[in-house]
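Here the sequence shown stands for residues 460 to 631, numbered as in my numbering.
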Amino acid sequence: CGKNSAGVKPTNAELTEMLVRAKDNIVAAKKDPRHLIEAVFSRLPWTLGLLMPLFAVLLKVVYLFKRRLYMEHLMVALHSHAFIFMSLLLIALLALLRGWVTGVAPGALWIVSLLRDAAWIWLIVYLFLMQKRVYRQGWIMTAIKFSVIGICYTVIITIGLVGALLASLALA
């Protein structure tokens, strides 16, 4: 179990209260999910911030024989996450623009969709090229390691997001 704000393990009464609150939040989310979504998104930066050092550990393991310090991998992780956040912001803005264009100029919808798709593709391509340049390996080894890191980090992020959802249910 975690600790409460006083640094003490929660009592059974506190755990029961959290479970009741989670049940009430689930019932409320069925009627109007916006509050729960907002609570999860408020915890998302913290979740990804906590996962960033794990991403650096993953890089350290995958590039074990490159003899790089953990701090170097942490810098790559920081750069990667900053680029991902910037790209997701752009994609979110394009989604808003798409909603606006749908009502105003439906003929331009394909342009916004093309830009959104290009942003997703560039996100993956940039991260791949950055990994290849930083770690100076061939195309095939970079592709293999990029895929392994991507799969592992997707699992880690999924676990983190489930944790954020559970925290949002119990603490919101």
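Each residue gets a CB set at the ideal place from its N, CA and C atoms; glycine is no exception.
Exposure label - residue i; buried when at least 16 CB within 10 Å
i	result
LEU630	exposed
TYR529	exposed
GLY619	buried
LEU413	In the structure as shown, the chain begins at 460 and stops at 631. Residue 413 is therefore absent and cannot be evaluated.
ILE583	exposed
LEU625	exposed
Residue i Cβ short of 8 Å to the ligand MG heavy atom set
i	result
MET589	As far as ligands go, the structure on display features none, and thus does not contain the ligand MG.
Proximity below 9 Å, CB of residue i to CB of residue j
i	j	result
LYS604	VAL499	no
LEU507	HIS540	yes
SER546	TRP505	no
TYR585	PHE542	yes
VAL535	GLN590	yes
The alpha helix (DSSP H) enclosing residue i, as first and last residue numbers
i	result
THR470	Run containing THR470: none; DSSP gives neither H nor E here.
GLN590	568-594
GLY597	Counting along the chain, GLY597 falls outside any alpha helix (DSSP H), and DSSP gives it neither H nor E.
LEU510	493-521
ALA551	529-563
**Asked** If you pair each beta-carbon of the stretch 540-553 with each one of the stretch 571-578, do three or more pairs fall below 8 Å?
**Response** yes
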